[in-house]
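**Q** Below you'll find the structure I mean.
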Amino acid sequence: MRCDPDEDGYVLDNNDCDDGDAAVSPDAQEVCDAANTDEDCDGLTDDNDSSASTSSKLTHYADDDSDGYGDPAVSTQRCDTNAAWPTTTAGDCDDLDASSSPAALDYCADGLDQDCDDAVDEGNTTEGACYSGGELALSELMIDPSALGDPNGEWLELWNLSADDLNLRGLVIAQSHTSGDAEFVIADDLDLLSGTAAVLCYDDAALGAACDYVYGSDYGLESPFGESFDPSFVLTSDASATYTLRFTGVDYPTVTLDTVSPDARTSPSGGWPTPSAGYSLELSKNHLNAADNDSGARWCRTTATAYTTSGSLKDYGTPGATNVCAK
């Protein structure tokens with residue numbers, strides 16, 4: 021008679037490799053465990069045993085920059101960490117840069133998302149928020165295009181007034197008026213040098229490469245802060261229309277950078293210039309800031325040359341270039 025102290029049906033000299041543990045026997049399921057126990061008595065443990073239970077394995081990630089956070093796009097299921105798969109913590113948005121991780125501080129004016137929350141140049145507890153308002157200004161609007169017509173020929177221009185180069189990813193452009201509201205989020209890296217302009221277009225057919233971002237169609241871009249496009253975002257001559265630029269962050273409250281309410285009616289009020297089909301409204305180059313652009317008296321109907329032609333129809337303006345208006 022043989023002793024079977026753990027009562028698992030196997031005695032020590034009949035293939036039970038640990039007769040003091042009923043969970044260990046040739047009939048047991050190999051599982052991942054910190055002690056690397058050979059539960060099924062086949063001489064192999066954990067990751068070295070192909071029969072190890074998949075349900076007991078954890079997702080492990082590559083961590084090429086050794087910051088403790090793995091690349092969520094590079095993973096495997098296994099029992100234990102090793103040199104190739106050193107962490108079970110994901111979330112690294114740049115696994116080649118140890119300064120980028122969910123534990124990092126996000127810095128201003130470098131165009132990077134160091135803390136991996138999808139908000140670029142948001143700021144940190146040492147420097148504070150990166151945006152305070154007024155860093156960007158609406159500087160030109162093509163509300164009523166002639167050559168391409170509405171809305172495909174519409175566009176708006178933003179000017180970087182700050183001393184820093186900016187990445188506009190995460191910027192929300194919102195429109196509100198009596199017939200409905202619309203907005204979109206710039207969901208791609210859009211680097212804007214200090215003292216230069218970006219052009220946002222409903223469609224890039226007219227401007228081509230001069231168009232920095234298309235908001236009227238879906239290009240497969242995603243943002244946690246909203247939709248990357250909105251076909252209903254149509255520039256309007258409605259006097260109640262208001263356009264707002266705001267930066268939406270994660271660690272800091274939303275900051276409004278600029279708000280403009282143009283009157284593009286046939287008989288405008290408030291000093292706004294009388295519009296004409298095919299001509300943009302542009303802010304005076306002598307009043308290029310987020311305060312003066314609130315006043316219609318600081319805007320002109322452009323006198324620039326045509327930038328696109330369709331038959332006898334032409335559209336005039338300075339998309340992405342210095343405005344002609346100098347009043």
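Numbering (the working numbering), first residue to last: 21 to 347.
We put the beta carbon where it would ideally sit given N, CA and C, even for glycine.
Is the segment 177-191 in contact with the segment 261-270, if contact means three or more CB pairs nearer than 8 Å?
**A** Touching, per the Cβ criterion.
**Q** Please determine whether the Cβ atom of S76 lies at a distance below 7 Å from any heavy atom of the ligand GTP.
**A** The ligand GTP is absent from the structure shown, which contains no ligands of any kind.
**Q** Can you name the start and end residues of the beta strand (DSSP E) that W179 belongs to?
**A** 175-180 is the span of the beta strand (DSSP E), which, as asked, contains W179.
**Q** May I have the straight-line CA-CA distance separating S296 from A311, to the nearest angstrom?
**A** Computed Cα separation, rounded: 25 Å.
**Q** Would you kindly check if the distance between the Cβ of L161 and the Cβ of P282 is under 8 Å?
**A** Yes, the Cβ-Cβ distance between P282 and L161 is below 8 Å.
**Q** Can you tell me which residues form a DSSP beta bridge with I193?
**A** Paired residue(s): F204, L265.
**Q** Can you name the residues that DSSP bridges to V275?
**A** Paired residue(s): F267.
**Q** Can you have a look at G337 and say buried or exposed, based on whether 16 or more other CB atoms are within 10 angstroms of its CB?
**A** Answer is buried; the Cβ neighbour count reaches 16.
**Q** Out of Q49, E50, E59, which one is the CA nearest neighbour of F41?
**A** The sequence given here has Asp at residue 41, not Phe. Checked all of Q49, E50, E59; the closest Cα to D41 is E59.
**Q** Hey, P293 and R318 are a contact pair by Cβ (cut 8 Å); roughly how many whole angstroms apart?
**A** Wrong, their Cβ atoms sit about 10 Å apart, outside the cutoff.
**Q** Is DSSP giving R285 helix, strand or coil here?
**A** It is coil, neither helix nor strand.
**Q** Taking only runs that begin and end inside the segment 51-114, name each unbroken beta strand (DSSP E) of 3 or more residues, in chain order.
**A** List check, beta strand (DSSP E) in window: 78-81, 95-98.
**Q** How many Å lie between Y327 and L220 at the Cα?
**A** Approximately 16 Å, taken between the alpha carbons.
**Q** Could you pull the start and end residues of the beta strand (DSSP E) that K334 belongs to?
**A** From DSSP, the beta strand (DSSP E) with K334 extends over 333-336.
**Q** Go ahead and pull the three-state DSSP assignment for D211.
**A** D211: strand per DSSP, three-state reduction.
**Q** To the nearest angstrom, how far is the alpha carbon of V140 from that of A217?
**A** When rounded, the distance between both Cα atoms is 19 Å.
**Q** With I163 and L301 assumed to form a contact (beta carbons below 8 Å), what rounded beta-carbon distance in angstroms separates them?
**A** Contact flag correct, Cβ pair sits at about 7 Å.
**Q** Are the beta-carbon atoms belonging to S248 and L241 less than 8 Å from one another?
**A** In this structure, L241 lies closer than 8 Å to S248 by Cβ.
**Q** Are P92 and G63 close, meaning C-beta to C-beta below 8 Å?
**A** Taking 8 Å as the Cβ cut-off, P92 and G63 do not qualify as a contacting pair.
**Q** Could you give the distance in angstroms between the alpha-carbon of L213 and the alpha-carbon of G236?
**A** Those two C-alpha atoms are separated by around 24 Å.
**Q** When the distance is taken between beta carbons, is E50 closer than 8 Å to S71?
**A** A contact, by the Cβ cut-off of 8 Å.
**Q** Go ahead and label Q97 buried or exposed: buried means 16 or more other beta carbons lie within 10 angstroms of its beta carbon, across all protein chains shown.
**A** Under this definition Q97 is an exposed residue.
**Q** From what residue to what residue does the beta strand (DSSP E) around T329 run?
**A** Start and end: 326-330.
**Q** Give me, in chain order, the residues of the same chain whose beta-carbon lies closer than 7 Å to that of T323; leave out the 5 immediate sequence neighbours on both sides.
**A** Same-chain partners within the cutoff: V344.
**Q** Could you tell me if S189 is buried or exposed, where buried requires 16 or more neighbouring beta carbons within 10 angstroms of its beta carbon?
**A** Ser is not the amino acid found at residue 189; the sequence shown has Arg there. That one is buried.
**Q** Going by the DSSP bridge assignment, what does W319 pair with across the sheet?
**A** Its beta-bridge partners are L303.
**Q** Among D66, G169, P288, H80, whose alpha-carbon lies nearest the alpha-carbon of L333?
**A** When only C-alpha atoms are compared, the closest one is G169.
**Q** Contact check, A230 vs N172 under 8 Å by CB: the rounded distance?
**A** About 15 Å separates the two Cβ atoms, so there is no contact after all.
**Q** Roughly how many whole angstroms lie between the Cα atoms of E203 and D87?
**A** C-alpha separation (whole angstroms): 37 Å.
**Q** In angstroms with no decimal places, state the Cα-to-Cα distance between D117 and G298.
**A** Using only the alpha carbons, I get a separation of about 48 Å.
**Q** Within this structure, are the beta carbons of S159 and L303 separated by less than 8 Å?
**A** In contact: S159 and L303 (Cβ atoms closer than 8 Å).
**Q** Secondary structure at G240, three-state DSSP: helix, strand or coil?
**A** Reduced to three states, the DSSP call for G240 is coil.
**Q** When DSSP labels each residue in this structure, what does A149 get in the three-state scheme?
**A** It is a strand residue.
**Q** By a C-beta neighbour count over all protein chains shown, 10 Å radius and 16 as the cutoff for buried, is K347 buried or exposed?
**A** Exposed: under 16 other Cβ atoms inside 10 Å.
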